[in-house]
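For reference, the structure discussed in these notes is given below.
Dropping the structure here:
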C-alpha cells in the first residue's frame with residue numbers, strides 16, 4: 002500500500018529535501034494538488050486520511066475527509082476533537098501516530114467503522130444550512146442587531162446552496 006503525501010515540497014528547504022531523500026518506493030510525493038476533482042478522487046480511494054494540523058480552527062480538509070467517509074487519524078488537540086469528535090482516532094506523538102497508521106493498515110473493521118462514523122459526523126455537524134445560519138447570526142451579533150426570524154436559507158433558490 003502506498004502512502005501519498007500532498008503538499009508543497011521545496012528542495013530549497015532542508016527539511017523538505019530530507020523528506021524527499023528519505024522516501025522510499027512506498028511513499029508518493031506528488032506535491033500540492035489544487036485540482037479539486039483529483040483531490041476528491043484521492044480522498045475517495047484513500048484507506049485513511051492523516052490530519053497532522055496542531056493549531057487552527059475547523060480545517061476544511063478535515064471536514065472534507067469526514068464527508069468522504071475516510072478513516073481519520075488526527076492529531077489530538079481541541080480543534081480536531083471539536084471537528085471530528087468520536088469519528089476519528091487520535092495521536093499525540095510520532096509513536097502513537099505510527100500505531101494509528103498501523104491500525105489503519107491492519108484493521109479492516111475499524112477502517113469501515115471509522116468511515117461510517119466520519120460520514121455521520123459530517124452530516125451531523127457540517128450541514129450548509131446550519132453553517133450559514135451560524136454566520137448570519139454572528140453577523141447580526143457583530144452589528145448589534147437581533148437575528149431575523151427568517152434565514153438566508155429561507156430565501157435561497159433550490160440547488161443554489
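Residue numbers (this note's numbering): 2 to 162. Note that beta-carbon positions come from the ideal geometry of N, C-alpha and C, so glycine has one too. This structure is a prediction, so every number in the text was calculated from the model and none was measured.
DSSP three-state label for residue 102, please.
helix
Check the DSSP bridge columns for residue 32 and list the partner residues they point to.
7
By how many angstroms is the C-alpha of residue 46 removed from the C-alpha of residue 165?
Residue coverage of the chain in this structure runs from 2 to 162, which leaves residue 165 outside it and unanswerable.
For residue 55 versus residue 76, is the C-beta distance shorter than 8 Å?
yes
Assign residue 54 to one of three DSSP states: helix, strand, or coil.
It is coil, neither helix nor strand.
Sort out for me which residues DSSP pairs residue 49 with in a bridge.
72
Kindly indicate which residue of 13, 116 and 28 has the alpha-carbon position closest to the one of residue 64.
116
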